[in-house]
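Notes to accompany the following structure.
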Amino acid sequence: MPPLASPVSFDRTSGLAVLRTPNSVYAVRVGADGSPRHLHWGAVLDTDALGGLPAATSPAASSFEADPAPDELASQTGARFGPAGLQLRFADGTRGAQWHFTGHTVRDGELRLRLADRRYPLAAELCYRVRPDSDVIERWVELTHTGADDSGPITVDRLDSASWTVPPLPDYRLSHLVGGWNSEFQLRRDRLPVAETVLTSRCGLTSHQANPWLALDDGTATEEGGEVWSTALAWSGSWRIAVHRDPVGRTTWTGGFGHEGISWTLQPGQSLHSPVFSGLYTPGGFGAASRAWHTHIRTSVLPAPDRDRPVLYNSWEATGFDVDQPGQTHLAQLAARLGAELFVLDDGWFGSRTSDRAGLGDWTPRPKAFPDGLRPLADEVHRLGMAFGLWVEPEMVNRDSDLYRAHPDWVIHAPTRDATELRNQLMLNFARPDVEAWAHRTLDQLVRDHGADWLKWDANRVVTEAGWAGHPDPDRLWIDHTRAVYRIMDRLRADHPGLRIEACAGGGGRADLGILARTDQAWTSDNTDPVDRIGIQHGFSQLFPAQTMAAWVTDSPNIATGRTTPLRFRFHVAMAGALGLGGDLTTWSEEDLDEAAALVAVYKEIRSLIQHGRQHRLNGLGGVTAVHYASEDGAEHAILAWRPATRFGHAPPGLALPALDPTARYLDVDEGIAHSGAVLTRQGIDLRLPAGDYASRLIRLRRTI
Ligand code: GLA
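Counting from 1174, one number per residue, gives the positions in the sequence shown under our numbering.
Pasting the structure below:
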């Protein structure tokens, strides 16, 4: 039996692989048939308990039942009838892989199980990685055609990153995120049916409708307690996760890039590597699960996690496409007065872009709007003490553009089909090396020419009629396009170390662990209504930390919902993330501008708590919800509480703060009131909310003993 202390171990005699994290154990056994079979994922088990786990392969109860030993990556052979994570065809038409185990590697927290097909030239490595002080297990698969030049291609119809299995539970509940444009990240908790439940994006982006994150529990977990198993896929194109609750009571899910029906051809010598699909077991409820993800994203995903996200101003809701140098300069001056640290010039600055009908693809300043180019605006923004950011949508093109006129063949399109236009635009095929090279060159030049410190990288349509004329393996664009986006972002960051990138796809259509590995934050939603945002932000926070959640204060009535809300409420909601300003400041009263400047200043005081602290979601009584941010050492606390609608005019009961230390004492630094931790954790704090709808409060507490 392997030594307990080692985070990763493999015992040759028993075929048992064990990954140990601070609060979980993951165990796999390579079965007699050569297939790695799942043994355990969950509570920490000692050596004896692991040794006593049932054999990897047990016979099925009858000739009509599936093999009961769950796979780490299910192939299409044997008595396997659930969703297959590996689907392939060899040149002679044979489907599926039959493995024999060829070895393993354990190094630096990484385990690789090496497999080869018994008959065909195919090898796979199932890869696992654990990191110090984290319960997240990262998994991926590397598949290789090992045949001689004349051995014919292998068609890969599906290569999932991992299959995850939870221990048998009395019931299963699925938490996941659903939505649409303007309504992203709505958290749902649904009882899992005895069936296959598919979460997927078929649109070439992560999508607004679903996010590749899910959590499983037995239906009793709460924010504060209970076992939760959750997974997140690091991929920003189409994806698919199939959750299978079988009639016997076992639940497994398999997931990876690409949706059903697309294939990839492996020629001899070629490999296909899946993206990382991470899993996390947490014994402490949904809140602890989210905090563990937040920590993982900070320590192992984000490129610059320690840098404070700047308070930005973005001109989109203020000016739409109607941008020009005097107007933007005026906005920049007002933004600087409010304390903004970054000014982002949004859509409309380039080509013939005066509406969404033209100009995409022509990334040179629009002469009528910026007769001397962007440099004068960039210089003025820098002179005002702010960084300068630019909106770009490099993957897209309008037919009415010089780029499309010069290169109509650059778009993703099956030539014998209609080319559906969405928002009057088509999508460029970044899988083509010439298009990738053009995009990189263009963006690199833009950043250089304009001294841009920030790019808001948008994508305002999805893939339709996917095709690649003349290419023998056109489906690969679904994966290669996304990989090219990643490569360009990585190169830009490497060549311009100060450059920051904000991910965006018509709001929150591309937020995932893949894009966050090369961006600093994601635009959460085009819906900036603070009431709707409370729900959107609640869903977003299940996986993503507040520092990645771009949140703007915009005008009232809100442009999307028509709802009128006080400035303070809008601020208190947006302050829960990376604060931005997005209103037409030229219409704000002097009073509003002063109040906004004061609230921006307060945000800067609590910014490090919000952006780098530990987040606790609170569900208060009397229609109140809140988010509590605590510093790592438990000394500093910021609580943002919101009550969108008053109920019967009653004041809400105290808001309990269970994350505080009941043995400590705290000072409300704004009110000068001392509190006992025992009272705050149980009876709660009196919010003293103003009467009426859209009431909110920021409470700052400091531990005194
Ligand atoms: C998308 C973005 C918006 C804005 C517009 C510009 O919808 O989400 O923030 O940049 O595009 O066209």
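Ideal Cβ placement from N, Cα and C applies to all residues, glycine included.
A quick note: this is a predicted structure, and the numbers were derived from the prediction, not measured.
Looking at glycine 1679 and the ligand GLA, is the gap between the Cβ and the nearest heavy atom below 7 Å?
Result yes, Cβ under 7 Å from the ligand GLA.
Arginine 1311 bridges to which residues according to DSSP?
Checking the sequence, you will find glutamate at residue 1311 rather than arginine. Looking at the DSSP assignment, glutamate 1311 forms a beta bridge with Arg1302 and Ser1451.
Sort His1432, Gly1865, Asp1841 and Ser1869 by Cα distance to threonine 1877 and report the nearest one.
The shortest Cα separation from threonine 1877 among His1432, Gly1865, Asp1841 and Ser1869 belongs to Asp1841.
Contact defined as beta carbons within less than 8 Å: I believe serine 1451 pairs with leucine 1791. What is the distance between those atoms, to the nearest angstrom?
Actually they are not in contact, since the Cβ atoms of serine 1451 and leucine 1791 sit about 27 Å apart, beyond 8 Å.
As an exercise, report each continuous alpha helix (DSSP H) stretch of at least 4 residues that is fully enclosed by the stretch 1553-1627, in chain order.
Correct list: 1575-1579 and 1606-1623.
So glycine 1429 is in the alpha helix (DSSP H); what residue range does that whole segment cover?
Note, glycine 1429: premise wrong, no alpha helix (DSSP H); beta strand (DSSP E) at 1424-1430.
Looking at the structure shown, is glycine 1457 part of a helix, part of a strand, or coil, going by DSSP?
Correct three-state label for glycine 1457: strand.
Which residues in the same chain as alanine 1749 place their Cβ atom closer than 8 Å to its Cβ, once the five residues preceding and following it in sequence are excluded?
Same-chain partners within the cutoff: Gln1710, Ala1719, Met1722, Ala1724, Ile1783, Val1800 and Leu1813.
Classify aspartate 1363 as helix, strand or coil using the three-state DSSP reduction.
Strand at aspartate 1363.
Shortest alpha-carbon distance to arginine 1480 belongs to which of His1823, Ala1811, Glu1809 and Ser1781?
Arginine 1480 has its Cα closest to that of Ser1781, out of His1823, Ala1811, Glu1809 and Ser1781.
Should serine 1436 and threonine 1328 be called a contact, given that it needs their Cβ atoms to be closer than 8 Å?
The answer is yes: Cβ separation under 8 Å.
Quick test of the definition: if touching needs 3 or more C-beta pairs under 8 Å, does the stretch 1495-1509 touch the stretch 1540-1560?
Result yes; three or more Cβ-Cβ pairs closer than 8 Å.
State buried or exposed for glycine 1755, treating a residue as buried only when at least 16 other CB atoms are found within 10 Å of its CB.
Buried: at least 16 other Cβ atoms inside 10 Å.
Quick check: does the Cβ of tryptophan 1313 come within less than 7 Å of any heavy atom belonging to the ligand GLA?
Answer for tryptophan 1313: no, Cβ out of range of the ligand GLA.
For arginine 1413, report the span of its alpha helix (DSSP H) as first-last.
Per DSSP, arginine 1413 belongs to no alpha helix (DSSP H); it is in the beta strand (DSSP E), 1412-1418.
With H, G and I counted as helix, E and B as strand and the rest as coil, what does DSSP make of isoleucine 1470?
DSSP places isoleucine 1470 in helix when its eight states are reduced to three.
In chain order, which alpha helix (DSSP H) runs of at least 4 residues are fully inside the stretch 1693-1744?
Complete alpha helix (DSSP H) runs here, min 4: 1703-1713.
Relative to the C-alpha of threonine 1492, which residue among Val1198, Arg1471 and Val1517 is closest?
Looking at the Cα atoms, Val1517 is the closest of the given residues.
Tell whether a beta-carbon distance below 8 Å holds between tryptophan 1466 and alanine 1405.
Going by C-beta atoms, tryptophan 1466 is nearer than 8 Å to alanine 1405.
Which residue comes first and which comes last in the beta strand (DSSP E) that contains aspartate 1663?
Unbroken run through aspartate 1663 is the alpha helix (DSSP H), 1650-1668; no beta strand (DSSP E).
Looking at proline 1180 and glycine 1282, is the spacing between their C-beta atoms short of 8 Å?
In this structure, proline 1180 lies closer than 8 Å to glycine 1282 by Cβ.
Sorted by chain position, which residues of the same chain lie with C-beta nearer than 6 Å to alanine 1229's C-beta, five sequence neighbours on each side aside?
With a pLDDT of 48 at alanine 1229, under the threshold of 50, the modelled position of this residue cannot be trusted; read the value that follows with caution. The answer, listed in chain order, is Arg1202, Gly1204, Arg1210 and Ala1242.
For arginine 1302, which residues from the same chain have a beta carbon less than 7 Å from its beta carbon, with the 5 sequence-adjacent residues on both sides left out?
Excluding sequence neighbours, arginine 1302 sits near Gly1282, Glu1283 and Glu1311.
Once DSSP output is grouped into helix, strand and coil, what is the label at histidine 1823?
Residue state, collapsed to three classes: coil.
For proline 1341 versus glutamate 1400, is the C-beta spacing smaller than 8 Å?
No, they are not a contact pair.
Please tell me whether, using a cut-off of 7 Å, the distance from the CB of aspartate 1705 to the nearest non-hydrogen atom of the ligand GLA is below it.
Result no, Cβ not under 7 Å from the ligand GLA.
Output yes or no for whether 8 Å exceeds the beta carbon distance between proline 1825 and leucine 1794.
It is a contact, given that the beta carbons lie within the stated cut-off.
For aspartate 1806, which beta-bridge partners are listed by DSSP?
None, per the DSSP bridge assignment.
Taking 8 Å as the limit between beta carbons, can you name the residues of its chain near arginine 1362, skipping five residues before and five after?
Around arginine 1362: Arg1346, Leu1347 and Ser1348.
Since alanine 1829 contacts arginine 1855 with CB under 8 Å, what's their CB separation in whole angstroms?
Rounded, the Cβ-Cβ distance is 6 Å, consistent with contact.
For the beta strand (DSSP E) that glycine 1215 lies in, which residues bound it at each end?
Run containing glycine 1215: 1209-1215, per the beta strand (DSSP E) assignment.
Glycine 1207 and leucine 1261 look like a contact to me (Cβ under 8 Å); what is the Cβ gap, rounded to whole Å?
Going by Cβ atoms, the distance from glycine 1207 to leucine 1261 rounds to 17 Å, so no, they are not a contact pair.
Of all the options Pro1544, Leu1192, Leu1766 and Ala1508, which has the alpha carbon lying nearest to the alpha carbon of serine 1307?
The option with the nearest alpha carbon to serine 1307 is Leu1192.
With contact counted as at least three CB pairs below 8 Å, one residue from each stretch, are the stretch 1843-1851 and the stretch 1725-1744 in contact?
No, they do not touch.
Run the proximity test for tryptophan 1489: is its beta-carbon closer than 7 Å to any non-hydrogen atom belonging to the ligand GLA?
Yes, since a heavy atom of the ligand GLA falls inside the 7 Å radius drawn around the Cβ of tryptophan 1489.
In whole angstroms, what is the alpha-carbon distance linking threonine 1819 and isoleucine 1674?
In a straight line, the C-alpha of threonine 1819 is about 39 Å away from that of isoleucine 1674.
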